[in-house]
DNA sequence: GGGCCCGCAGGG
DNA sequence: CCCTGCGGGCCC
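Residue numbers (the UniProt record's numbering): 1 to 182.
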């Protein structure tokens, strides 16, 4: 397992600042789109989304590797197009983001990962959690394939008036459609 | 290598 | 409502 991890890292190191992309870099070979996972713990253990709590996985140098869409935030989910809300500026409520109390910023490390992904156009893995959204799985988590960050912009949270970071994620063409829950 | 801080969990 | 566990990034 440690070897696999090292190999993955090495593969990514050689692809710093690539000029164009296929789905390859962050795509996990053999991981089928639509694969179901019980929990964040399982996603972490199988290295599909490594942080056990955070929604954005990545690093300063490589940008984002994967994101989790929980359905608990002001994200807009249209299946093949997702508007993902950045992190930061929220009141910390028992280690979870609470109400917005100040502006978000692209300087926040995790937002920075997504900015980097936007610049490099390197696709990232998208995982949906169970939610009321018709696109989310009925329980647990589901790997929904590769998405490219096609826009990064500031928006205004209508409820609070604070600035928030928004990231437009577009499904990379040629993948199975997102199942719709009825 | 160690320590610190963080976060789109999970559960009591 | 309130609390704890946990893996990671990233700084020394």
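C-beta atoms are modelled at their ideal positions from N, C-alpha and C, and glycine is treated no differently.
Here residue 81 is actually not in contact with residue 67; their C-beta atoms are around 14 Å apart, not less than 8 Å.
With respect to the C-alpha of residue 115, the residue from 129, 60, 25, 130 having the closest C-alpha is 60.
A contact between stretches requires three or more CB pairs, one per stretch, nearer than 8 Å, and the stretch 88-104 fails this requirement with the stretch 114-130. Residue pairing by DSSP places residue 36 opposite 142 in a beta bridge.
DSSP, reduced to helix, strand and coil, places residue 23 outside both helices and strands of the structure shown, so it counts as coil. With respect to the 8 Å criterion, residue 58 and residue 143 are not classified as neighbours on the basis of their beta carbons. A Cβ-Cβ separation of about 5 Å places residue 155 in contact with residue 164 under the 8 Å criterion.
In the three-state reduction of the DSSP assignment, residue 120 falls in the helix class, which pools H, G and I. Contact annotation: the stretch 24-37 touches the stretch 45-53, with at least three C-beta pairs closer than 8 Å. Note that the C-beta distance between residue 43 and residue 135 is not below 8 Å. If the five residues before and after residue 159 are omitted, its C-beta is found closer than 8 Å to the C-beta atoms of 100, all from its own chain and listed in chain order. For residue 166, the uninterrupted beta strand (DSSP E) segment begins and ends at 163-171. Residue state for residue 82 is assigned as strand, using DSSP reduced to three classes. Cβ neighbours of residue 98 within its own chain (closer than 7 Å, five residues either side excluded): 90, 91, 92. Under the 10 Å beta carbon count, residue 63 is surrounded by 16 or more other beta carbons and is classified as buried.
In this structure residue 152 is not in contact with residue 110, their Cβ atoms being roughly 13 Å apart against a cut-off of 8 Å.
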